[in-house]
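Numbering (this note's numbering), first residue to last: 9 to 335.
Written below as structure tokens is the structure these notes are about.
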């Protein structure tokens, strides 16, 4: 806490204990002839400089809040990243609320008490060093927090470039961390970028055993023994329909199609029962891309109740599923 008059400066060093300030040190000094001619704002700033120099050994390595009684000392521009609400827009960095709290002790105007407590708790692990925000991670390594628009370039370098080497999810994420970068969704973003990398899918470097194709080939001896099934769409709405559920027999290439309003599991169960099981009998296998509308509890119960236990195969490339996938 700092204050200045026309003749002297006065500062107090205090620490909050149980939400109340406890005084640690008092300091003051008189102004010389030149300093007495300073304007009011200059005298207040001189008091701040005097306090920081006097209490330097106490303040190093700590976050400090300076209180003055002069309105001109309030710098609203210190709130570096303005957030109008709790939800952060696409142009605002994900760490905006943390930076605002570290710099100016400002919270989002619509934040609840739980959200404020969360920001305070998270801010303990962050360090603001203008213009970068750093985080002390759980492995005791300090890494720079990068905004959303830099994430793609970092992932491109750590996975697609020559030093990246198209490594798997865990090793690519470790390379990002070893480069000294951090953001909350590292592993999820690495998984997404590996899942769209065609070279990785062909090499199957990141697939688990359960996701790989079976080692024994499937023999299609009889018609209607093996069906491929998939959704097409979404298309522009026509008569309330947005999708087409398509099934193709692998031997005869017979096609069964049905327009649907949604692409959920209920539609799949109804289609399989009414268009496949009732008309062509229970098949030996149904091949899909293992989407959530094909592999779920309701569909599994349907297949078990109808006596059908086909292998549901996750195919990595659309071109491998050519019998059903639209061009």
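Glycine residues also receive a C-beta, built at the ideal position from the N, C-alpha and C atoms.
Output the distance between the C-alpha atoms of residue 193 and residue 241, rounded to the nearest integer angstrom. 29 Å
Which one of 38, 233, 179 has the shortest CA to CA distance from residue 14? 38
What does the Cβ neighbour count give for residue 237, buried or exposed, with the cut at 16 atoms within 10 Å? buried
Residue 122 to residue 110, Cα distance in whole Å? 18 Å
Which one of 44, 29, 45 has the shortest CA to CA distance from residue 73? 29
Taking DSSP as the reference, what is the three-state secondary structure of residue 208? helix
Measuring straight from C-alpha to C-alpha, what distance separates residue 52 and residue 44? Separation of residue 52 and residue 44 (C-alpha to C-alpha, rounded to the nearest whole angstrom) is 12 Å.
Quick check on residue 145: does DSSP put it in helix, strand or coil? coil
Check whether residue 253 and residue 270 have beta carbons under 7 Å apart: For residue 253 and residue 270, no; Cβs fall outside 7 Å.
Given a cut-off of 7 Å, decide if residue 152 and residue 140 are closer than it, judged by their beta-carbon atoms. yes
Do residue 21 and residue 58 have their CB atoms nearer than 7 Å? no
Find the nearest neighbour of residue 32 within the set 200, 63, 295, judged by alpha-carbon distance. Per the Cα distances, 63.
Ranges of the alpha helix (DSSP H) found wholly within the region 100 to 150, counting only runs of at least 4: 104 to 112, 121 to 131
Burial state of residue 284, where buried means 16 or more other Cβ atoms lie within 10 Å: buried
Do residue 191 and residue 154 come within 7 Å of each other at the CB atom, strictly closer than that value? yes
Roughly how many whole angstroms lie between the Cα atoms of residue 9 and residue 48? 16 Å
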